[in-house]
Amino acid sequence: MNASKALEKTLVASPERKLEADADLSVVRQVQGGDVAAFDRLINKYRERVLGIVYNMTSNREDAADLAQDAFIKAFQSIHRFQGQSSFFTWLYRIAVNSTLSHLRKNRLRSFFSLESIREDDPVSRELLDALTDRTGVGRDAFVRELQEKLNDAMQKLSIKHRTVVTLFEIDGLSHQEIAEVMGCSVGTVRSRLHYAKQLLQAELQPYLR
Amino acid sequence: MKDKERKIAVEDLLRLKRAERPPAEFWARFESEIRAKQLAAIVVRRPWWDGVPRIFAIASRKHLPLGAAAALALTWVGVHYAEGPSPAMRTAPAGPAESPALAVVPAAAAPAASRAALPMESAEIEAARVVPAPRPVVASSTSHLTKAPESIPAESVSRSPFGDGIAVTLADFRETQPDIAQRDVFGSDREFEASVASDRQPVAEPLARVDPSGDRLERLLAPALPAYSSGAGSALSGERLKQRASDDRLYESMDRYGSGGMSLEFRF
Numbered sequence: 001m002n003a004s005k006a007l008e009k010t011l012v013a014s015p016e017r018k019l020e021a022d023a024d025l026s027v028v029r030q031v032q033g034g035d036v037a038a039f040d041r042l043i044n045k046y047r048e049r050v051l052g053i054v055y056n057m058t059s060n061r062e063d064a065a066d067l068a069q070d071a072f073i074k075a076f077q078s079i080h081r082f083q084g085q086s087s088f089f090t091w092l093y094r095i096a097v098n099s100t101l102s103h104l105r106k107n108r109l110r111s112f113f114s115l116e117s118i119r120e121d122d123p124v125s126r127e128l129l130d131a132l133t134d135r136t137g138v139g140r141d142a143f144v145r146e147l148q149e150k151l152n153d154a155m156q157k158l159s160i161k162h163r164t165v166v167t168l169f170e171i172d173g174l175s176h177q178e179i180a181e182v183m184g185c186s187v188g189t190v191r192s193r194l195h196y197a198k199q200l201l202q203a204e205l206q207p208y209l210r
Numbered sequence: 211m212k213d214k215e216r217k218i219a220v221e222d223l224l225r226l227k228r229a230e231r232p233p234a235e236f237w238a239r240f241e242s243e244i245r246a247k248q249l250a251a252i253v254v255r256r257p258w259w260d261g262v263p264r265i266f267a268i269a270s271r272k273h274l275p276l277g278a279a280a281a282l283a284l285t286w287v288g289v290h291y292a293e294g295p296s297p298a299m300r301t302a303p304a305g306p307a308e309s310p311a312l313a314v315v316p317a318a319a320a321p322a323a324s325r326a327a328l329p330m331e332s333a334e335i336e337a338a339r340v341v342p343a344p345r346p347v348v349a350s351s352t353s354h355l356t357k358a359p360e361s362i363p364a365e366s367v368s369r370s371p372f373g374d375g376i377a378v379t380l381a382d383f384r385e386t387q388p389d390i391a392q393r394d395v396f397g398s399d400r401e402f403e404a405s406v407a408s409d410r411q412p413v414a415e416p417l418a419r420v421d422p423s424g425d426r427l428e429r430l431l432a433p434a435l436p437a438y439s440s441g442a443g444s445a446l447s448g449e450r451l452k453q454r455a456s457d458d459r460l461y462e463s464m465d466r467y468g469s470g471g472m473s474l475e476f477r478f
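Those protein sequence lines, which keep their order, are chains A and B.
Anchor point for the first sequence: position 129 equals 129 in the numbering used here, and the numbering is continuous, going up by one each time.
Anchor point for the second sequence: position 122 equals 332 in the numbering used here, and the numbering is continuous, going up by one each time.
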């Protein structure tokens, strides 16, 4: 039962997302009606997720901040064209992903990485790090830093589109259908890219896998 | 110890990326920057070319109806121009916007006496009002225009026989009634008509210039038309006729004999 629910969540958007989309649509209507301040609510709601997707695609926190801001500004400027055919969240993600893809294509040869530190106050990450190493103190910090760099290197070896699919699915938790909407491709293409990207990552991160 | 035995997959490692988050102070700066950009977006007007990709996007989304509409429009334009002007346009009377040659006609058809009675300047003003389009070559001056006969169309005015006729008529008129011709009835360019016949290049059809009684014509037409064979060049053309008749006779006699396969034919 749990497996089927997880599979359904993987394939299509969850009901919570649909409720969220309805709530967003009412806020969007307010903004379209001239209530500019209502857009701040949308910014506060989605800023971490938008920054997360852009950061994991670029691996550069400064670029990620600029691109996330630009995505919100573009959404604000074009909000009168939003008709509610897709959810606001998907629409905003599409803007952010397209801006980031365009930025990455322009700066293909110029790549500087500046990574955020992994916050161990998150129970999931702490549990995972405990499972990976029994070291403490400085040794643990060095191991976490090394693992982070290896992860980043493995992600950067993927093509931009494969990296985007992995980021949207594994890190941000979007369904295949939502990723297909965001990237403007079919669900089959999303699955294919995801499968290929995971194979490559598995080969790159083999020393850390059990 | 149990945790150490836990299986770790790629998905677990990627989950660590979720924990890469900026510190709290980052969001304060982020908020102030995005507010400034938002205000700038409200105040600063977007350039017109920002809408160009949107137009292309709409066109690409609705390419089928747009293509159909374009094809219909092209078809309509093609049919419209293939049929020519509409019947209403074809039957419409010639207005002031017609071609200059046609526009001259009302001016030339006006009574010559009333035009002659007008002073020079008022006649010019009236001519300019009647004929707004550029004048044809013939209408070099107002007085000449007033002298054009009433019943002759403008296109025939440009022909040299007509110009010759005018010159001859005016010369006769001056000889028969010199007292009227002395008055300044016809305007200031009285000498124009005398020079028309000599100066103007003939514009008529080339065949009209052919003199039927010329020697060259007679010589050229003699082999084809026997009526032209008499005269001075008849000796030469007669020889040619004989030569041609003998040639024809030879060819005709050769045609009487035909051979096909093992047979020989004689035709009479």
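All C-beta atoms, glycine included, are put in the ideal place defined by N, C-alpha and C.
In terms of Cβ geometry, Arg225/B and Leu128/A form a close pair [threshold 8 Å]. DSSP, reduced to helix, strand and coil, places Ile118/A within a strand of the structure shown. It is roughly 10 Å from the alpha-carbon of Leu147/A to the alpha-carbon of Asp153/A. Taking the beta carbon of Ile268/B as reference, no residue of chain A falls within 7 Å; the closest one sits roughly 10 Å away. With fewer than three CB-CB distances shorter than 8 Å, the stretch 227-246 of chain B does not count as touching the stretch 180-194 of chain A. Across the set Leu151/A, Thr164/A and Val36/A, the C-alpha of Thr164/A shows the shortest separation from the C-alpha of Arg191/A. When 7 Å is used as the limit between beta carbons, Lys247/B is near these residues of chain A: Gln69 and Ile73, in chain order. At a cut-off of 3 residues, not a single continuous stretch assigned as beta strand (DSSP E) sits fully inside the stretch 230-254 of chain B.
Each residue's CA atom was taken as its position, placing Val54/A and Asn107/A some 15 Å apart. At a Cβ-Cβ threshold of 8 Å, Ser114/A and Glu181/A do not count as neighbours. Taking every protein chain shown into account, the CB of Tyr93/A has 16 or more other CB atoms within 10 angstroms, so this residue is buried. Annotation: Ile265/B has no Cβ neighbours in chain A at a cutoff of 8 Å; minimum Cβ distance is about 13 Å. In terms of beta-carbon proximity, Lys272/B stays away from the interface with chain A, with every pair separated by 8 Å or more.
Bounds of any alpha helix (DSSP H) do not take in Trp259/B, whose DSSP letter is neither H nor E. Secondary-structure assignment with DSSP links Asn60/A through a beta bridge to Ser114/A. DSSP places Asn98/A in the helix class (H, G or I) of the three-state scheme.
Ala219/B reaches chain A at Leu209, counting residues in chain order whose Cβ is nearer than 7 Å. Across the set Val27/A, Ala64/A and Leu200/A, the C-alpha of Val27/A shows the shortest separation from the C-alpha of Gln83/A. Residue contact check for Ala229/B against chain A: a CB pair falls below 8 Å. If you draw a straight line from the Cα of Asp40/A to the Cα of Gly34/A, it comes to about 13 Å. For Val165/A, the enclosing alpha helix (DSSP H) begins and ends at Ile160 to Val166. Within 7 Å of the CB of Glu243/B, the CB atoms of chain A belong to Gln69, in sequence order along the chain. If you check the CB distance, Val220/B and Lys198/A come in under 8 Å. For the set Lys157/A, Tyr208/A and Gly52/A, the Cα lying nearest the Cα of Val144/A is the one of Tyr208/A. Within 8 Å of the CB of Ser125/A, the CB atoms of chain B belong to Arg225, Leu226, Arg228 and Ala229, in sequence order along the chain. At a C-beta separation below 8 Å, Phe76/A has these neighbours in chain B: Gln248 and Ala251. The distance from the Cβ of Ala251/B to that of Gln156/A is about 32 Å, inconsistent with a contact at the 8 Å cut-off.
If you draw a straight line from the Cα of Arg231/B to the Cα of Asn98/A, it comes to about 22 Å. Rounded to the nearest whole angstrom, the CA to CA distance from Glu48/A to Arg105/A is 24 Å. One finds nothing in chain B with a Cβ atom closer than 8 Å to the Cβ of Lys45/A; even the nearest lies about 13 Å away. Beyond the five residues adjoining it in sequence on each side, Glu385/B comes within less than 8 Å, by CB distance, of no other residue in the same chain.
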